[in-house]
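Q: All residue numbers for the first sequence refer to my numbering, where the first residue is 137 and numbers rise by one.
We put the beta carbon where it would ideally sit given N, CA and C, even for glycine.
My questions will all concern the structure given below.
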Amino acid sequence: MPGKARIYVCGPTVYDFAHLGHIRCYVVFDVLVRHLRASGLEVLYVRNVTDVDDKIIKRSAELGQEPLALAARFTESYREDLQRVFCLAPDVEPKVSEHIDDIVALIERLIARGSAYASEGDVYFKVETFPEYGKLSHRKVADMEFGASGRVGDGEDKKKQHPADFALWKAAKAGEPSWPSPWGPGRPGWHIECSAMCMRHLGDSFDIHGGGLDLVFPHHENEIAQSEAATGKQLSKLWVHNGFIEVNKEKMSKSLGNFFTARECFKLVEPEALRYFVLTTHYRAPLALDWSVGPAGEVSGFPQIEECERRVEYLYTTRQRIAAIAESTLAPDGAVEPELRDAAAKLARALDDDLNMPAALAVAAELLRRSNDFADLAARKPAKLNLPTLRAIRAGLAALSTQLGLGLDDGAAFLRRVRTRRANARGMNEADVEAKIAARIAARKNREFARADELRAELTALGVELMDSPDATTWRLP
RNA sequence: GGUGCCGUAGCCAAGCGGUUAGGCAAUGGUUUGCAAAACCAUCACACACCGGUUCGAAUCCGGUCGGCACCUCCA
């Protein structure tokens, strides 16, 4: 469908807080959606919430909270976390619990076509009826070692006709949430919910289906089998999978327990720094995470993400400098350097190339560098600069927001928050610093430079970075 | 056993057969009452190893070594 893009992204199973892996995934697809929209496409973005699932039931039993209530609580926390990293809300956010009818109808359709069979209250997809099975993950059923992960339980295998068959519907056990169905009370198996929801909201065939690399098999392979067996149409034209965050060269995952929740990270760095961090690596490549440990053995920081945070500070500081330039001081007309004139287009070109976010950041780096150069000159020889160039810079900076979702915060608030957080982390009192700065300003006014330098030295020793400008002194904590 | 992915200068990281990727760190400079920030320059003819194809290879092909992931919990 020209001019339109229909996108389905596999959303979280809401039994716990979002971790960095989730953040990466949804930031990547957020950049994709923003970029496609900025390119003029009308995007319909659907991202589900899986609120009916074995893990939710298990967690629910552990915490003594009703499964759907538990799911609702973590759904809310996900939304908050994603909002904090400036992810746009999807246009539709379907929940499994609200699509049971669609799921049952799809299963019935598969049974009618001979692609699925009921067995003791369960329903299984009959993999041998779908000859293309394995086309996404490059697997052949004959080559697979069934149960290689040692996680097959439940005596499910006895109810299956073939070990590769997978559950579409699971009969409810005592005390589990269940819905009525032609095969008795039960709940959907993992996989079928996404088929039902994406087809409900995007049709039998759509443009992009995405998710984490770990969903390629079995989740997406099974979605293809279920959906295409039912409709005879290609489910998605394109499959997009983001790589993992790695910890000590291993995948960050719930099962390994080596994950950081978004909320833990938000205490140590600005959420937008996390977003920037995701952009530093191509979406398909692994993203290695390091952290530093404090005296008590606690996680004290994330060096790479802190570097990203400084880049975001640089972005906001640059924006402030550009915003402060008075248009009336510049020449009204003049040529614009191609690098500035084309910044937004170059950004778009980088993202057109398989969503090359690091290449986009390289464009951003040049734009910011030249913007600061412009701001330096604006303070000294504004008549040499021209208004069209200033407008080009502002357009370029705006493109960083529309294309990459960077710089959407209030800059002053961002910078103040970062400073306060660092001050608190170092046990510094901001008011004391401000008082010293005021004393230094007074000393400078009286041309008592020795005293002023003494105060500067004290502040420097505290780690304070002072910036004198003709009309004010500002400070930051690097 | 099967199937994918990866190995780029001190660190992070683009690159998809031929023109500087970029960032961080470090060093020198411009600027400043002194600084910081910012900007400029250098570090950078780097691409795991061994062969091959080509006028030309980080990029293609074959092999070796090392690392990772998936083969029904995972973003």
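Whose C-beta lies closer than 6 Å to the C-beta of L504 among residues of the same chain, with five residues either side of it excluded?
A: For this step, residue 504 is matched to residue 368 along the first sequence. Closer than 6 Å at the Cβ level, and outside the excluded window around L504, lie T454.
Q: Can you list, in chain order, the residues of its chain with a C-beta nearer than 7 Å to that of A486? Leave out the 5 residues immediately preceding and following it.
A: Position 350 of the first sequence, counted from the first residue, corresponds to residue 486. Cβ neighbours of A486 beyond the five flanking positions: N492, A495, A496, V499.
Q: Could you round the C-beta distance between V569 and L598 to whole angstroms and report it? I think they count as a contact, below 8 Å.
A: In the first sequence, counting from the first residue as 1, residue 569 sits at position 433. In the first sequence, counting from the first residue as 1, residue 598 sits at position 462. Yes, they are in contact, since the Cβ atoms of V569 and L598 sit about 7 Å apart, within 8 Å.
Q: So what's M603 in DSSP terms, helix, strand or just coil?
A: The residue labelled residue 603 in the question sits at position 467 within the first sequence. Strand at M603.
Q: Pick out whichever of A460, D279, E234, L349 has its Cα sitting closest to the Cα of P422.
A: Numbered from its first residue, the first sequence carries residue 422 at position 286. Closest option to P422, Cα to Cα, is L349.
Q: Which runs of the beta strand (DSSP E) fall wholly inside the stretch 316–360 and span at least 3 residues, in chain order?
A: Runs found: 322–324, 342–348.
Q: Determine the extent of the beta strand (DSSP E) in which N378 is found, giving its start and end residues.
A: Indexing the first sequence from 1 puts residue 378 at position 242. 372–378 is the extent of the beta strand (DSSP E) around N378.
Q: Going by beta-carbon coordinates alone, are A361 and Y269 separated by less than 8 Å?
A: Counting from one through the first sequence, the residue named residue 361 turns up at place 225. Counting from one through the first sequence, the residue named residue 269 turns up at place 133. Closer than 8 Å, so yes.
Q: Determine the direct distance from the alpha carbon of V179 to that of R142, and round the result to whole angstroms.
A: For this step, residue 142 is matched to residue 6 along the first sequence. For this step, residue 179 is matched to residue 43 along the first sequence. Cα to Cα, the separation comes out at about 6 Å.
Q: Would you kindly work out how many angstroms separate the C-alpha atoms of G289 and A332, rounded to a whole number?
A: Translated into positions along the first sequence, residue 289 becomes position 153. Translated into positions along the first sequence, residue 332 becomes position 196. At G289 the pLDDT is 49, less than 50, meaning the model places this residue with poor confidence; the figure from the coordinates comes in the next sentence. Taking the straight line from one Cα to the other gives about 26 Å.
Q: Express the C-alpha separation of F413 and W611 in angstroms, rounding to a whole number.
A: Start at 1 with the first residue of the first sequence, and residue 611 comes out as number 475. Start at 1 with the first residue of the first sequence, and residue 413 comes out as number 277. If you take the alpha carbons of W611 and F413, they lie about 25 Å apart.
Q: Give the straight-line distance between the Cα atoms of S233 and L521, rounded to the nearest whole angstrom.
A: For this step, residue 233 is matched to residue 97 along the first sequence. For this step, residue 521 is matched to residue 385 along the first sequence. Taking the straight line from one Cα to the other gives about 60 Å.
Q: Taking the alpha carbon of L218 as the reference point, which residue from R447, G433, R183, G563 has its own alpha carbon closest?
A: Here residue 218 refers to the residue found at position 82 of the first sequence. The candidate whose alpha carbon is nearest that of L218 is R183.
Q: Exposed or buried, which one is K581 when buried takes at least 16 other CB atoms within 10 Å?
A: The sequence position of residue 581 within the first sequence is 445, counting from 1. That one is exposed.
Q: Measure the alpha-carbon distance for V383 versus N394 and round it to whole angstroms.
A: Position 247 of the first sequence, counted from the start, is the residue given in the question as residue 383. Position 258 of the first sequence, counted from the start, is the residue given in the question as residue 394. So the alpha carbons of these two residues sit roughly 7 Å apart.
Q: Out of Y181, D301, L466, state which residue places its alpha-carbon closest to the alpha-carbon of M280.
A: Position 144 of the first sequence, counted from the start, is the residue given in the question as residue 280. The option with the nearest alpha carbon to M280 is D301.
Q: Please tell me whether L526 and I461 are closer than 8 Å, where the distance is taken between their beta carbons.
A: Here residue 526 is taken as the residue at index 390 of the first sequence, counted from 1. Here residue 461 is taken as the residue at index 325 of the first sequence, counted from 1. It is a contact, given that the beta carbons lie within the stated cut-off.
Q: Using the C-alpha atoms, what's the distance from A559 back to L613?
A: The sequence position of residue 613 within the first sequence is 477, counting from 1. The sequence position of residue 559 within the first sequence is 423, counting from 1. C-alpha separation (whole angstroms): 7 Å.
Q: Quick one: residues in its chain with C-beta nearer than 6 Å to the C-beta of E357, no 5 flanking neighbours on either side, listed in chain order?
A: Translated into the one-based positions of the first sequence, residue 357 becomes position 221. Counting only Cβ-Cβ distances below 6 Å, and skipping sequence neighbours, we find L272, S273.
Q: On the three-state DSSP scale, how would you describe S213?
A: In the first sequence, the residue the question calls residue 213 occupies position 77. In the structure shown, S213 sits in a helix (DSSP, three-state: H, G or I).
Q: Would you mind reading off the limits of the alpha helix (DSSP H) that contains K191?
A: Walking along the first sequence from the start, residue 191 turns up at place 55. Its alpha helix (DSSP H) spans residues 190–199.
Q: Cutting at 7 Å between CB atoms, please list the residues of its own chain near K306, excluding the five before and the five after it.
A: Along the first sequence, one-based indexing puts residue 306 at 170. Around K306: D258, G322, R323, G325.
Q: Jot down the residue ranges of each uninterrupted alpha helix (DSSP H) in the stretch 400–431, minimum 4 residues, whole runs only, in chain order.
A: Complete alpha helix (DSSP H) runs here, min 4: 407–415.
Q: Counting along the chain, where does the alpha helix (DSSP H) carrying L156 start and finish?
A: Against the first sequence, residue 156 aligns to sequence position 20. Taken as a continuous stretch (DSSP letters only), the alpha helix (DSSP H) holding L156 covers 156–174.
Q: Report the residue from V163, H235, D152 whose alpha carbon sits nearest the alpha carbon of P203.
A: If you number the first sequence from 1, residue 203 lands on position 67. Closest by alpha carbon: D152.
Q: Just how far apart, CA to CA, sit G433 and E400?
A: Against the first sequence, residue 433 aligns to sequence position 297. Against the first sequence, residue 400 aligns to sequence position 264. Each residue's alpha carbon lies about 15 Å from the other.
Q: Could you have a look at W611 and say whether DSSP puts it in helix, strand or coil?
A: Residue numbering aside, residue 611 sits at position 475 when the first sequence is read from its first letter. Residue state, collapsed to three classes: strand.
Q: Just the C-alpha distance for D488 and G139, rounded to the nearest angstrom, thanks.
A: Taking the first residue of the first sequence as 1, we reach residue 488 at position 352. Taking the first residue of the first sequence as 1, we reach residue 139 at position 3. Straight-line Cα distance between these residues: approximately 15 Å.
Q: In the DSSP assignment, find the alpha helix (DSSP H) that holds A99 and state where it starts and stops.
A: No information on residue 99 is available, as it lies outside the stretch 137 to 614 that the chain covers here.
Q: Look at the Cβ atom of E442, then the Cβ atom of V554, and state whether they are nearer than 8 Å.
A: Reading the first sequence from its first residue, position 306 is the one you call residue 442. Reading the first sequence from its first residue, position 418 is the one you call residue 554. Going by C-beta atoms, E442 is not nearer than 8 Å to V554.
Q: Nearest to E473 by CA position, among I529, A575, D166, T397, is which residue?
A: Your numbering for residue 473 matches position 337 in the first sequence. Among I529, A575, D166, T397, the Cα nearest to that of E473 is on I529.
Q: Going straight from the alpha carbon of D343 to that of K373, what length do you get?
A: Taking the first residue of the first sequence as position 1, residue 343 is located at position 207. Taking the first residue of the first sequence as position 1, residue 373 is located at position 237. D343 and K373: Cα-Cα distance of roughly 5 Å.
Q: Assuming E264 is part of the beta strand (DSSP E), what are its boundary residues?
A: Within the first sequence, the letter at position 128 stands for residue 264. Careful: E264 lies outside any beta strand (DSSP E) and carries neither H nor E.
Q: May I ask you to report which of helix, strand or coil DSSP gives E434?
A: Counting from one through the first sequence, the residue named residue 434 turns up at place 298. The answer is coil: DSSP assigns E434 none of H, G, I, E or B.
Q: Quick one: give me the first and last residue of the beta strand (DSSP E) that L302 is part of.
A: As a position in the first sequence, residue 302 is number 166, starting the count at 1. The sequence shown places Phe at residue 302, not Leu. Residues 302–307.
Q: Any idea what DSSP makes of K271, helix, strand or coil?
A: Working through the first sequence from its first residue, we reach residue 271 at position 135. The answer is coil: DSSP assigns K271 none of H, G, I, E or B.
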